[in-house]
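In this note's numbering, each number is its position in the sequence shown, counted from 1, plus 89.
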Amino acid sequence: MSDQNGSILSKESPSSDDYDIREEINQDSDYHKRNELPVDRGWAWAICLGGFIFSFNFGLTRHTLAVMFLEVIDMYDTTLTTGSLIFLFIVLGAGTLSSLSSNFIVPRVGEKAVTCSAGLVSAISSVGFSFAPNIEVFLVCAAVKGLCTGAAFVPSISLIRHYFHRRRSIAQILARAGDSVSSIVMPPLIRLMRNEFGVRGAFLIVAAIELHMVLGGLLLRPVESYKYKPDLPDHSKETNRKRKDKTGTKGSQNGEDIEMTEIKQNLLSPTGRIPETSTNLTTGRQQQQNDGRLESRSNPEMETKRDVATRARQRALSITSVGGPDELDVALDYREDCKENDHTDSSCCGDCGFLRLWSFHMVLLFAVFAAANMYIRDYIPVVAASQGATLDQAAMLVTVVGAMDLVSRLSLGFLADTHLLTPSQILGAAHLALGVTCQAISSFNTFPTLVVMSVLFGTFMGTRVAMLPLVCIEVVGVDKMPQAFGIVTTIGTFATSILNPVLATIAESYGGSFVPIMHILGGCFFVSSSTLLVLPLFKRMDRKRGLKPT
90 MSDQNGSILS KESPSSDDYD IREEINQDSD YHKRNELPVD RGWAWAICLG
140 GFIFSFNFGL TRHTLAVMFL EVIDMYDTTL TTGSLIFLFI VLGAGTLSSL
190 SSNFIVPRVG EKAVTCSAGL VSAISSVGFS FAPNIEVFLV CAAVKGLCTG
240 AAFVPSISLI RHYFHRRRSI AQILARAGDS VSSIVMPPLI RLMRNEFGVR
290 GAFLIVAAIE LHMVLGGLLL RPVESYKYKP DLPDHSKETN RKRKDKTGTK
340 GSQNGEDIEM TEIKQNLLSP TGRIPETSTN LTTGRQQQQN DGRLESRSNP
390 EMETKRDVAT RARQRALSIT SVGGPDELDV ALDYREDCKE NDHTDSSCCG
440 DCGFLRLWSF HMVLLFAVFA AANMYIRDYI PVVAASQGAT LDQAAMLVTV
490 VGAMDLVSRL SLGFLADTHL LTPSQILGAA HLALGVTCQA ISSFNTFPTL
540 VVMSVLFGTF MGTRVAMLPL VCIEVVGVDK MPQAFGIVTT IGTFATSILN
590 PVLATIAESY GGSFVPIMHI LGGCFFVSSS TLLVLPLFKR MDRKRGLKPT
């Protein structure tokens with residue numbers, strides 16, 4: 090089929106008769122428009138809405154437990170440490186299933202089935218909260234809800250990378266803005282529901298609201314349902330590095346001129362994935378011989394990557410031996426040099442060769458210390474109450490955090506689309522500001538100062554959820570974002586699960602004061618910020634090692 094008619098996105102290979110029919114279809118025909126992947130338009134915004142619905146309900150669950158946390162402890166007559174196990178079980182469940190869902194379950198059954206099932210079971214677990222006779226049953230329901238969150242968290246946003254091209258950053262922000270909206274709307278409503286219907290009645294109403302996640306899952310139409318893709322312009326020239334689609338440089342080896350050419354393509358493959366770049370190496374002597382050219386292509390029908398790597402080693406000619414500029418990402422794919430027994434490819438979970446990237450190791454280290462972000466997000470009402478605020482005032486502070494978080498996320502989306510700063514730089518600066526705010530906790534001892542604290546937390550706290558998927562794309566590439574993001578989420582949630590009981594025990598030892606806790610969290614923010622601010626150094630080291638994202 091000609092290029093102007095677009096690529097076919099269905100998984101099954103069409104017959105020659107199908108090609109003949111589709112070649113006659115004009116791009117302006119209704120058939121072509123109905124079967125063309127809507128990028129940055131149309132149903133793409135429904136995909137964004139689906140992610141918004143899920144993030145809203147994720148935030149709803151968290152804020153419900155946070156606002157009524159002290160009352161749940163009183164209802165079951167338990168301690169602060171035991172009560173903190175609620176959040177521990179939620180994050181443990183989310184961490185356990187997040188990576189499994191994105192790497193094993195979703196590739197087999199699809200995003201729609203996973204998200205709809207997770208949304209339904211999550212609502213049932215909220216019903217369990219309402220009827221739990223003791224804290225043990227309550228904790229079991231918390232674990233189930235965590236598993237549902239982990240199963241749906243990555244799939245609810247993973248399709249955005251296919252449906253959005255130019256506006257991918259703002260779409261990612263909008264999809265996760267539901268968390269901020271729930272922070273604004275739900276805390277006062279939760280207090281109202283609690284005062285009107287009690288703690289158990291409030292959980293029943295929350296369960297009814299969470300059923301909307303099934304609707305959000307139904308909006309996630311798979312990419313394979315479309316037959317054509319549009320011609321997408323390359324916006325790489327808009328990045329801060331201003332690289333062109335086709336870059337070339339010359340060098341020499343053994344007295345011969347060597348020309349390197351890199352051609353970047355944004356075309357989707359038949360499986361709906363963005364293919365690799367094409368790299369051509371041509372020596373001065375080889376330019377006179379048509380059969381002496383070394384080409385590395387991603388099309389498996391033309392030649393395999395193993396053949397390319399073998400032929401490259403036989404000619405003793407490699408990208409790294411040419412010595413191009415450091416900023417030129419023309420290294421051969423790191424999967425070409427894998428050993429025969431290095432099983433990095435899997436039919437169910439894809440290639441995880443990005444685990445060899447040192448830059449990705451830094452992102453994992455960031456996820457460990459960035460668990461402080463998740464802890465503060467859950468315990469803001471408790472921290473405010475320990476600083477002298479009433480429960481109603483604490484709920485108002487959560488609303489302030491949500492309002493600032495929404496404004497911050499939208500602003501970050503537009504900032505990320507300008508490409509003035511990379512997502513890692515934005516997130517690193519935000520965590521640096523959070524570290525300073527945590528260290529100043531002793532100054533926030535009145536309600537007006539607690540409002541200032543909430544404004545600062547709201548401005549910078551949401552950057553982790555909003556920008557972390559973009560950081561994964563920055564490090565490992567668009568295709569591997571779901572796998573990488575699932576692993577990062579798993580590491581972060583396990584780190585948070587460790588923080589919850591440990592910090593709760595420390596708070597009880599200090600008579601319920603969260604001042605020492607905030608100082609510890611501030612140190613975690615400083616470390617997490619440092620890991621992202623030095624990320625460009627490790628990315629350059631990966632390029633020198635011949636590794637690059639795919």
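Positions of the beta carbon are idealized from the N, C-alpha and C atoms, including for glycine. As the structure is a computational prediction, the values presented were derived from the model and not from experiment.
Let me make sure I understand the geometry here. Which of 184, 205, 483 has the alpha-carbon closest to that of residue 146? 205
What does the alpha-carbon distance come out to for the pair residue 175 and residue 224? 9 Å
Where in the region 259 to 309 do unbroken runs of the alpha helix (DSSP H), each at least 4 residues long, occur, reported from the N-terminal end onward? Correct list: 267 to 299, 301 to 307.
What residue range does the alpha helix (DSSP H) around residue 128 cover? Premise fails: residue 128 is in no alpha helix (DSSP H) and is neither H nor E.
Are the region 205 to 224 and the region 254 to 261 in contact at 8 Å, needing three or more beta carbon pairs? no
Residues in its own chain within less than 6 Å of residue 620 by CB, not counting five upstream and five downstream? 451, 454, 455
Cα-Cα, which of 524, 523, 542 is closest to residue 532? 542
Identify, in the order they occur along the chain, each residue of the same chain with its Cβ nearer than 7 Å to the Cβ of residue 269, setting aside the five sequence neighbours on each side. 491, 494, 495, 498, 551
Using 10 angstroms around the beta-carbon of residue 130, count the other beta-carbons present and answer buried if the total reaches 16, otherwise exposed. exposed
Smallest Cα separation from residue 519: which of 530, 616, 535, 157? 616
Residue 626 versus residue 447 - alpha carbon distance: For the pair residue 626 and residue 447, the Cα-to-Cα distance works out to about 10 Å.
Are residue 557 and residue 577 closer than 8 Å when you measure CB to CB? yes
Contact under 8 Å by Cβ, residue 309 with residue 517: no
Whole-angstrom Cβ separation of residue 602 and residue 475, contact assumed at under 8 Å? Sure, about 6 Å apart at Cβ, within 8 Å.
List the endpoints of the continuous alpha helix (DSSP H) containing residue 512. 512 to 528
For the region 225 to 240 against the region 201 to 215, are there 3 or more C-beta pairs whose distance is under 8 Å? Between the region 225 to 240 and the region 201 to 215, the count of Cβ pairs shorter than 8 Å is three or higher; the stretches touch.
My understanding is that residue 461 touches residue 561, with C-beta atoms under 8 Å, so please give their C-beta distance in whole angstroms. Residue 461 to residue 561, Cβ: 20 Å. No contact.
Short Cβ contact (8 Å threshold) for residue 472 with residue 276: no
By alpha-carbon positions, which one of 187, 191, 165, 281 ends up nearest to residue 582? 187
Report buried or exposed for residue 600, applying the criterion of at least 16 other Cβ atoms within 10 angstroms of its Cβ. With a threshold of 16 other beta carbon atoms within 10 Å, residue 600 falls short and is exposed.
Short check: CB of residue 546 to CB of residue 469, under 8 Å? yes
Three-state secondary structure assigned by DSSP to residue 167: coil
Taking DSSP as the reference, what is the three-state secondary structure of residue 614? helix
Suppose contacts are defined by Cβ-Cβ distances below 8 Å. Is residue 305 in contact with residue 136 by that definition? no
Can you give me the Cβ contacts of residue 249 inside the same chain, cut-off strictly under 7 Å, excluding the 5 residues immediately before and after it? 136, 137, 140, 257, 260, 261, 264
Sequence-distant residues of its chain with Cβ nearer than 6 Å to residue 331 (five each side left out): For residue 331, the predicted structure reports a pLDDT of 43, less than 50, and the residue's modelled location is therefore unreliable. A value from the coordinates is still provided. Answer for residue 331: no residue qualifies.
Give the single residue among 611, 579, 512 whose Cα lies nearest to the Cα of residue 564. The candidate whose alpha carbon is nearest that of residue 564 is 512.
Buried or exposed: where does residue 548 fall if 16 or more other Cβ atoms within 10 Å of its Cβ makes it buried? buried
Any idea if residue 220 is buried or exposed, counting beta-carbon neighbours within 10 angstroms, 16 or more meaning buried? Its Cβ having fewer than 16 others within 10 Å, residue 220 is exposed.
For residue 215, three-class secondary structure by DSSP: helix
To the nearest angstrom, report how far apart residue 482 and residue 607 are at their CA atoms. 20 Å
Beta-carbon separation of residue 191 and residue 229 under 8 Å? no
Return the first residue and the last residue of the alpha helix (DSSP H) that residue 550 is part of. 536 to 550
Compare the Cα-Cα distances from residue 526 to each of 604, 291, 197 and report the closest residue. Of the candidates 604, 291, 197, the one whose C-alpha sits nearest the C-alpha of residue 526 is 604.
Looking at the structure shown, is residue 590 part of a helix, part of a strand, or coil, going by DSSP? helix
Contact set for residue 165: own chain, Cβ-Cβ below 6 Å, skip 5 residues either direction: 224
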